[in-house]
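In what follows, a single structure is set out as structure tokens and then discussed.
2 protein chains.
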Amino acid sequence: MAKSQQNLILSRLSKSDRALLEPHLEPADLPLRKVLEKRGKPIKAVYFPDSGFASVVANGDKHPIEVGLIGREGMTGLAVLLGHDRNCNEVYMQAAGQGHCIRADDLREAINKSVSLHRSMLRYAHAFLEQATRTAVANGRSKIEERLARWLLMADDRLDGPELPLTHEFLAMMLGVRRPGVTIAVQELECEGMIARRRGRIVITDREALENMSNGTYVSAD
Amino acid sequence: MAKSQQNLILSRLSKSDRALLEPHLEPADLPLRKVLEKRGKPIKAVYFPDSGFASVVANGDKHPIEVGLIGREGMTGLAVLLGHDRNCNEVYMQAAGQGHCIRADDLREAINKSVSLHRSMLRYAHAFLEQATRTAVANGRSKIEERLARWLLMADDRLDGPELPLTHEFLAMMLGVRRPGVTIAVQELECEGMIARRRGRIVITDREALENMSNGTYVSAD
DNA sequence: CCAGAAAAGTGCGAAATCGTACACTTTGCG
DNA sequence: CGCAAAGTGTACGATTTCGCACTTTTCTGG
Chain A
1 MAKSQQNLIL
11 SRLSKSDRAL
21 LEPHLEPADL
31 PLRKVLEKRG
41 KPIKAVYFPD
51 SGFASVVANG
61 DKHPIEVGLI
71 GREGMTGLAV
81 LLGHDRNCNE
91 VYMQAAGQGH
101 CIRADDLREA
111 INKSVSLHRS
121 MLRYAHAFLE
131 QATRTAVANG
141 RSKIEERLAR
151 WLLMADDRLD
161 GPELPLTHEF
171 LAMMLGVRRP
181 GVTIAVQELE
191 CEGMIARRRG
201 RIVITDREAL
211 ENMSNGTYVS
221 AD
Chain B
1001 MAKSQQNLIL
1011 SRLSKSDRAL
1021 LEPHLEPADL
1031 PLRKVLEKRG
1041 KPIKAVYFPD
1051 SGFASVVANG
1061 DKHPIEVGLI
1071 GREGMTGLAV
1081 LLGHDRNCNE
1091 VYMQAAGQGH
1101 CIRADDLREA
1111 INKSVSLHRS
1121 MLRYAHAFLE
1131 QATRTAVANG
1141 RSKIEERLAR
1151 WLLMADDRLD
1161 GPELPLTHEF
1171 LAMMLGVRRP
1181 GVTIAVQELE
1191 CEGMIARRRG
1201 RIVITDREAL
1211 ENMSNGTYVS
1221 AD
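Chains A and B are the protein sequences, given in the same order. Under the working numbering, the residue at position 158 of the first sequence is numbered 158, and the numbers go up by one with no gaps. The working numbering runs 1000 ahead of the 1-based position in the second sequence.
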């Protein structure tokens, strides 16, 4: 899969829609852990990652668990598209990258001016909704290994290099399971030759096998 | 909570938006098991329940599991609002009722004509997205009793009488767990005085306790 | 090169859930 | 009324995951 340099929503806009946003878009550095949306707080700005990805995480304090993952195929701030000013999950960067951002009010104004712009973004909202429902299914019916396989594939889709910079601790948080559980699952995937690993890194070596392992819960980004 | 007689999306529309839909809306009987959307097939019609509710169910054949629930607060066919013509889940009635329906093409035409109509419906899309993410959280982190409590509350919100017509078999399917697991969970909720039951029926007797039991995963419909 | 910290591996009993099988009870219908 | 079907209760071993604690390995900065 060839990976483009730019955010896919932005790069697919018509010239005129692009021109509508351009004046308000600002380059944004997206370092690890940067918070893009705060749980329950009004959304001030909306981000379009070019690289790296963010996690949408529910249950903030106590038992965090990821419900979605946003990379260059998407954008944050879906609530804005859908007529709300906040949502009830945290969104923060999990793999550092670059992107652009726009003030929420400027985005509102732009989508009021252009139906086709709004429409382009709503198509992504649909993709995200499907991602969330697949997460619900995976959480309900899959074993840790299967969910891990799915997650690794989704992360890989959104990163440029072959290496995923992920600790077990971190994966455990995303999947909402114990850290030793992840260690075991990683070992199993490695034994089966699907991944290679070093401290804090995982490399996918057999994508197809991982997709099988994920048991149909994985669908490629975009 | 007073329960209105009519679909909440429709009843909250402005006069002019309402007038736009009215010519195309047809009363629809919504018997148990009526299929409102088929997995992977184009959406022909969109439904607005006045009573009863539908389930959005993933994993059709093999291991079905519910990802969302649609009653008088909502509508089917969100994909249409978001610029797609199908989605990958089944939607079918789980508690019989009445409602209205509109052909998907007529709905597309109407939302093209009225931004405010589209907007009203998108607000529900946001609510549904949040419901789906909460389902993902509950599936990932909650025990059967907690998920059962959540589900009963959601169903109760969408039904008029106090009695929920639900078999354990059916609940097991919705939650994606074993049937005996539901029997146990139901017994526990009954022991704690939160529900009463008869063969095939459950009545909520202590809503507040159930909400506590659901551990924050339940949020009232609308 | 070494010390400290971060990450990963391991072990253990407890809890939750699974899959399956079977018996009992209620209900609707001929 | 009696029977079949549907719904429910129960049991049992197997599997998965949990929660916690501890050790070992690897990396990093001084």
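We put the beta carbon where it would ideally sit given N, CA and C, even for glycine. Since the model is a prediction, treat every value here as computed from it, not as a measurement.
Among the options, nearest to residue i - alpha-carbon criterion
i                  : options                                       : result
Pro23 of chain A   : A:Tyr92, A:Lys38 and A:Leu107                 : A:Leu107
Ala127 of chain A  : A:Ser14, A:Thr76, A:Leu20 and A:Ala95         : A:Thr76
Asn1087 of chain B : B:Arg1178, B:Pro1031, B:Val1057 and B:Arg1197 : B:Val1057
Lys34 of chain A   : A:Ala149, A:Asn7, A:Leu129 and A:Gln94        : A:Gln94
Ile1111 of chain B : B:Leu1210, B:Gly1083 and B:Gly1176            : B:Gly1083
Cys191 of chain A  : A:Pro180, A:Ala209 and A:Arg179               : A:Ala209
Arg988 of chain B  : B:Ser1120, B:Asp1105, B:Arg1198 and B:Leu1025 : The displayed coordinates of chain B run from 1001 to 1222. Any statement about residue 988 of chain B would go beyond what the structure contains.
Tyr92 of chain A   : A:Arg103, A:Ile70 and A:Ile102                : A:Ile70
Arg198 of chain A  : A:Lys113, A:Glu169, A:Lys38 and A:Leu164      : A:Leu164
Lys1143 of chain B : B:Leu1175, B:Gly1161, B:Gly1200 and B:Asp1160 : B:Leu1175
Cutoff 9 Å: residue i Cβ touching any chain A Cβ
i                  : result
Ala1172 of chain B : no
His1084 of chain B : yes
Gly1161 of chain B : no
Arg1108 of chain B : no
Val1115 of chain B : yes
Arg1179 of chain B : no
Ala1137 of chain B : As written in the sequence, residue 1137 of chain B is Val, which differs from the Ala given in the question. So, interface residue.
Ala1221 of chain B : no
His1100 of chain B : no
Val1091 of chain B : no
Beta-carbon proximity of residue i to residue j, cut-off 9 Å
i                  : j                  : result
Phe48 of chain A   : Ala155 of chain A  : no
Ile195 of chain A  : Val186 of chain A  : yes
Glu73 of chain A   : Asp222 of chain A  : yes
Ala1138 of chain B : Glu1146 of chain B : yes
Gly1068 of chain B : Thr133 of chain A  : yes
Met173 of chain A  : Pro31 of chain A   : no
His1100 of chain B : Pro1027 of chain B : yes
Asn230 of chain A  : Arg1141 of chain B : Any question about residue 230 of chain A goes unanswered here, given that chain A covers just 1 to 222.
Ala149 of chain A  : Ser214 of chain A  : yes
Leu122 of chain A  : Leu1166 of chain B : no
Asp17 of chain A   : Leu117 of chain A  : yes
Asp157 of chain A  : Ser55 of chain A   : no
Leu1078 of chain B : Leu129 of chain A  : yes
Gln1098 of chain B : Asp1029 of chain B : yes
Leu10 of chain A   : Lys113 of chain A  : no
Ala1136 of chain B : Lys1044 of chain B : no
Glu1188 of chain B : Arg1179 of chain B : no
Val1177 of chain B : Val115 of chain A  : no
Glu211 of chain A  : Leu159 of chain A  : no
Residues bridged to residue i (per DSSP)
i                  : result
His84 of chain A   : Its beta-bridge partners do not exist; DSSP assigns none.
Phe170 of chain A  : DSSP output for Phe170 of chain A lists no bridge partner at all.
Pro1165 of chain B : B:Arg1201
Asp1029 of chain B : B:Gln1098
Phe48 of chain A   : A:His100
Leu69 of chain A   : A:Ser55
Tyr1218 of chain B : Paired residue(s): none; Tyr1218 of chain B is not in a bridge.
Val1035 of chain B : B:Tyr1092
Ala196 of chain A  : A:Val203
Chain B contact for residue i (CB, 9 Å cutoff)
i                 : result
Gly71 of chain A  : no
Ala132 of chain A : yes
Asn7 of chain A   : no
Ala2 of chain A   : Low per-residue confidence applies at Ala2 of chain A: pLDDT is 46, beneath 50, and the placement is therefore not dependable enough to give any value.
Asn112 of chain A : yes
Leu10 of chain A  : no
Ile184 of chain A : no
Asn212 of chain A : no
Ile65 of chain A  : yes
Leu175 of chain A : yes
Met53 of chain A  : As written in the sequence, residue 53 of chain A is Phe, which differs from the Met given in the question. It does not; no Cβ of chain B falls within 9 Å.
Ser14 of chain A  : no
Gly74 of chain A  : no
Phe48 of chain A  : no
Gly140 of chain A : yes
Gly193 of chain A : no
Leu119 of chain A : Looking at the sequence shown, residue 119 of chain A is not Leu but Arg. Answer yes: the Cβ-Cβ gap between Arg119 of chain A and chain B drops below 9 Å somewhere.
Asn168 of chain A : One point to set straight first is that residue 168 of chain A is His, not Asn, in the sequence displayed. His168 of chain A does not count as touching chain B.
Ala104 of chain A : no
Cβ-heavy atom distance, residue i to the ligand SAM, below 8 Å
i                  : result
Asp1085 of chain B : Questions concerning the ligand SAM fall outside what the structure shown contains, since it holds no ligand whatsoever.
Note to self: So, does the region 196-210 of chain A touch the region 1032-1048 of chain B, judging by three or more C-beta pairs under 8 Å?
What the structure shows: The region 196-210 of chain A, when compared against the region 1032-1048 of chain B, does not touch it at the 8 Å Cβ threshold.
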